[in-house]
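Novice:
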Ligand SMILES: Nc1nc2c(ncn2[C@@H]2O[C@H](COP(=O)(O)OP(=O)(O)O)[C@@H](O)[C@H]2O)c(=O)[nH]1
Ligand SMILES: [Mg+2]
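Residue numbers (the working numbering): 62 to 509.
(1) Consult DSSP for residue 283 and reduce its assignment to one of helix, strand or coil.
(2) Do residue 120 and residue 167 count as a contact pair if the criterion is CB distance below 9 Å?
(3) The beta strand (DSSP E) that contains residue 465, what's its start and end?
(4) Check residue 331 in the structure and name its three-state DSSP category.
(5) Give the DSSP bridge partners of residue 342, in chain order.
(6) For residue 153, is the beta carbon positioned less than 8 Å from some heavy atom of ligand 4?
(7) Expressed to the nearest angstrom, what Euclidean distance is found between the alpha-carbon atoms of residue 470 and residue 461?
(8) Output the residue ranges of the beta strand (DSSP E) runs that lie fully inside the region 160-239 and measure 3 residues or longer, sorted by chain position.
(9) Can you tell me whether residue 66 is helix, strand or coil according to DSSP?
(10) When the Cα of residue 301 is compared with those of 201, 155 and 473, which residue comes out closest?
(11) Any heavy atom of ligand 2 closer than 8 Å to the beta-carbon of residue 333?
(12) Does the structure place the region 159-173 close enough to the region 268-282 that three or more beta carbon pairs sit under 8 Å?
(13) Spatial neighbours of residue 162 within its chain, please: CB distance less than 6 Å, with the 5 preceding and 5 following residues excluded, ordered by chain position.
(14) Based on DSSP bridge pairs, tell me the residues matched to residue 247.
(15) Measure the CB-CB distance between residue 319 and residue 143 and report whether it falls below 9 Å.
(16) Give me the residue from 200, 389 and 146 with the minimum Cα distance to residue 443.
(17) Given this structure, state the Cα-to-Cα distance separating residue 231 from residue 337, to the nearest angstrom.
(18) If residue 205 sits next to residue 216, beta carbons under 8 Å apart, how far is it from one beta carbon to the other, in whole angstroms?
(19) Is the beta carbon of residue 207 within less than 8 Å of some heavy atom of ligand 2?
(20) Mapping DSSP to helix, strand and coil, what is residue 419?
(21) Mind checking residue 116: buried by the 16 CB within 10 Å criterion, or exposed?
(22) Can we say the region 136-152 touches the region 243-261, given the rule of at least three CB pairs closer than 8 Å?
(23) Is residue 162 near ligand 2, with its Cβ less than 8 Å from a heavy atom?
(24) From residue 474 to residue 131, what does the alpha carbon distance come to, in whole angstroms?
(25) For a test of your reading of the model: does the CB of residue 212 fall under 8 Å from any non-hydrogen atom of ligand 2? Yes or no.
(26) Tell me which residues share the same chain as residue 104 and place their Cβ nearer than 6 Å to its Cβ, disregarding the 5 neighbours each side in the sequence.
(27) Quick one: what's got a C-beta closer than 7 Å to residue 285's C-beta in the same chain, skipping five residues either side?
(28) Per DSSP, what are the beta-bridge partners of residue 156 in this structure?
(29) Mind checking whether residue 355 and residue 176 have CB atoms under 9 Å apart?
(30) Could you tell me which of 84, 80 and 92 sits nearest to residue 69, measuring between CA atoms?
(31) According to the neighbour-count rule (16 or more other Cβ atoms, all chains shown, within 10 Å of its Cβ), is residue 312 buried or exposed?
(32) Drop a sphere of 10 angstroms on the beta-carbon of residue 256, count the other beta-carbons inside from all chains shown, and report buried for 16 or more, exposed for fewer.
(33) For residue 187, is the classification buried or exposed, using 16 other Cβ atoms within 10 angstroms of its Cβ as the cut-off for buried?
(34) Would you mind sorting residue 351 into buried or exposed? The rule is 16 or more other CB atoms within 10 Å of its CB.
(35) At the level of alpha carbons, what is the spacing between residue 331 and residue 180?
(36) Measuring CA to CA, which of 211, 353, 118 and 449 is closest to residue 339?
Structure below.
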């Protein structure tokens, strides 16, 4: 799915990786290429233009996390904007909480309406609902037969009537559902090769007759911008509630998925990812964005870095450490927790240039856990006044309480002594240098 776009974008990010920071010039260069990549993916040109404008504003504005490398900064901004472009939040189906839900599927021939109807029915059935499929495509006998076969496959009844108009069939179906206790009515309507007036009028009549809770336009993602135009045309006549985008498993270029919300204002609610009847997914803009960027793992890491690098907090701790004459075990505990918040330290270090010199360092998770357990087994008094630990029986109690040995406890006490020694040495130093020395002396971080 969208492999080409993903590949292009990754190539673009790579180019900017080596550069020191984002400047007007390199942002412009990068965004020119991103714009081309979007157009090539068949994104609507206005959508692409506005998108680039927003990314540029953010990249050159103050909103970026300065501690990330330039490619990460740009990637993060593009990711956030992609999510917004596709609607931000995932849009849920509007179901009637106390009665029958009517869902009407509309769209051109071959877009996947009949398949989508069966997929929805299967999903509802698995959720314990009682769906009823409605064959309102009366112009081709084969269409009714196709729905009936799919209905048999998933064991969901298909409502059809002889030689009457689609509007009558739909009304009849809702009546039937009411009397037989079906709670979701899924209408498979007729399509056309092109949008035509007769079809639109028929669909409007059905809409008026059964007042659907959802009118989903079924659109084929493989047709790119055409799908967007179709969505726009259907929306203007029917005021659709959302889009069911099909065939995303094929070599769709992404244009439809990226442009539909921006052009029509209507969200993509569901996507079809295969011919099988369980190939149905909810549309999540955030997941789709990270799929497009192909770096879901990295994005999670960046978010973690943002959380962990809460700079205010880090400075506060540093300031506190600098002001204090003596560190105690409470300070150490706080430090341990900060390291833990950062998680996989070595991965984070690689993308935060300021910490690059710590490369090759690794958190000793075992030691970290042990230290935390030991400190947690101390009384508050002992944490604040480490001198109390000269008493052997206290150390024995702590070792037992934390499942460690007295040697472990001794070692931790020794570490605190070392930290305090370092702190004394730093006291006369230039604060900047001192802070750096202090960070480098973090306990529990070992050289690989
Ligand atoms: N690969 C793929 N094929 C699909 C998907 N949805 C539908 N199709 C295929 O598209 C073709 C047309 O589907 P159909 O439901 O008959 O379209 P309709 O004319 O709108 O009712 C069929 O061959 C389906 O198997 C999908 O999500 N992925
Ligand atoms: Mg059909």
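Glycine included, each C-beta is placed from N, C-alpha and C at the ideal position.
Specialist: With the structure as the only source:
(1) Taking the first residue of the chain shown as position 1, residue 283 is located at position 222. In the structure shown, residue 283 sits in a helix (DSSP, three-state: H, G or I).
(2) On the chain shown, residue 167 is found 106 positions in, with the first residue counted as 1. On the chain shown, residue 120 is found 59 positions in, with the first residue counted as 1. No.
(3) Residue numbering aside, residue 465 sits at position 404 when the chain shown is read from its first letter. Segment: none, residue 465 is in no beta strand (DSSP E) and carries neither H nor E.
(4) If you number the chain shown from 1, residue 331 lands on position 270. Residue state, collapsed to three classes: strand.
(5) If you number the chain shown from 1, residue 342 lands on position 281. In the DSSP output, where bridge partners are listed per residue, residue 342 has 332.
(6) As for ligand 4, it is missing from this structure, which binds only ligand 1 and ligand 2.
(7) The count along the chain shown starts at 1 and reaches residue 470 at position 409. The count along the chain shown starts at 1 and reaches residue 461 at position 400. Each residue's alpha carbon lies about 10 Å from the other.
(8) 162-167 and 192-197
(9) The residue given as residue 66 occupies position 5 in the chain shown. Here residue 66 sits in helix by DSSP.
(10) Within the chain shown, numbered from 1, the residue matching residue 301 stands at position 240. Among 201, 155 and 473, the Cα nearest to that of residue 301 belongs to 155.
(11) Start at 1 with the first residue of the chain shown, and residue 333 comes out as number 272. No, since every heavy atom of ligand 2 falls outside the 8 Å radius drawn around the Cβ of residue 333.
(12) yes
(13) Your numbering for residue 162 matches position 101 in the chain shown. Taken in chain order, the residues that qualify are 156, 245 and 274.
(14) Your numbering for residue 247 matches position 186 in the chain shown. 164 and 194.
(15) Here the question's residue 319 lines up with position 258 in the chain shown. Here the question's residue 143 lines up with position 82 in the chain shown. Yes; because the gap between Cβ atoms is below 9 Å, this pair is in contact.
(16) For the purposes of this step, residue 443 is taken as residue 382 along the chain shown, with counting starting at 1. Of the listed residues, the one whose Cα sits closest to residue 443 is 389.
(17) Here residue 231 refers to the residue found at position 170 of the chain shown. Here residue 337 refers to the residue found at position 276 of the chain shown. The straight-line gap from Cα to Cα measures roughly 26 Å.
(18) Counting from one through the chain shown, the residue named residue 205 turns up at place 144. Counting from one through the chain shown, the residue named residue 216 turns up at place 155. In fact, because the Cβ distance is near 18 Å, the residues do not count as touching under 8 Å.
(19) Residue 207 sits at position 146 when you count from the first residue of the chain shown. Within the cutoff, so yes.
(20) Locating residue 419 in the chain shown gives position 358, where the first residue counts as 1. Bear in mind that a pLDDT of 45 at residue 419, under 50, signals an unreliable position, so the number given afterwards is only what the model happens to contain. Looking at residue 419 - three-state DSSP - the assignment turns out to be helix.
(21) Counting from 1 along the chain shown, the entry for residue 116 is found at position 55. So residue 116 counts as buried.
(22) no
(23) Taking the chain shown and counting its residues from 1, one reaches residue 162 at position 101. No; taking the cut-off as 8 Å, the Cβ of residue 162 has no heavy atom of ligand 2 nearer than that.
(24) Along the chain shown, one-based indexing puts residue 474 at 413. Along the chain shown, one-based indexing puts residue 131 at 70. One C-alpha to the other measures close to 42 Å.
(25) Position 151 of the chain shown holds residue 212. No, the Cβ of residue 212 stays beyond 8 Å of every heavy atom of ligand 2.
(26) Within the chain shown, numbered from 1, the residue matching residue 104 stands at position 43. 316, 319 and 320.
(27) Translated into the one-based positions of the chain shown, residue 285 becomes position 224. Excluding residues within five positions, the ones whose Cβ falls inside 7 Å are 103, 314, 316 and 317.
(28) Stepping through the chain shown from its first residue, residue 156 is reached at position 95. DSSP lists no partner for residue 156.
(29) Along the chain shown, read from residue 1 onward, the residue named residue 355 stands at position 294. Along the chain shown, read from residue 1 onward, the residue named residue 176 stands at position 115. No.
(30) By one-based count along the chain shown, residue 69 stands at place 8. Comparing Cα-Cα distances from residue 69 to each of 84, 80 and 92, the minimum goes to 92.
(31) Locating residue 312 in the chain shown gives position 251, counting from the first residue. Residue 312 should be labelled exposed.
(32) Indexing the chain shown from 1 puts residue 256 at position 195. It counts as exposed.
(33) Here residue 187 refers to the residue found at position 126 of the chain shown. Residue 187 comes out exposed.
(34) Numbered from 1 along the chain shown, position 290 holds the residue referred to as residue 351. Buried, by the Cβ-count rule.
(35) One-based indexing of the chain shown puts residue 331 at position 270. One-based indexing of the chain shown puts residue 180 at position 119. Between residue 331 and residue 180, the C-alpha separation is close to 11 Å.
(36) To locate residue 339, count along the chain shown from 1; it is residue 278. It is 211.
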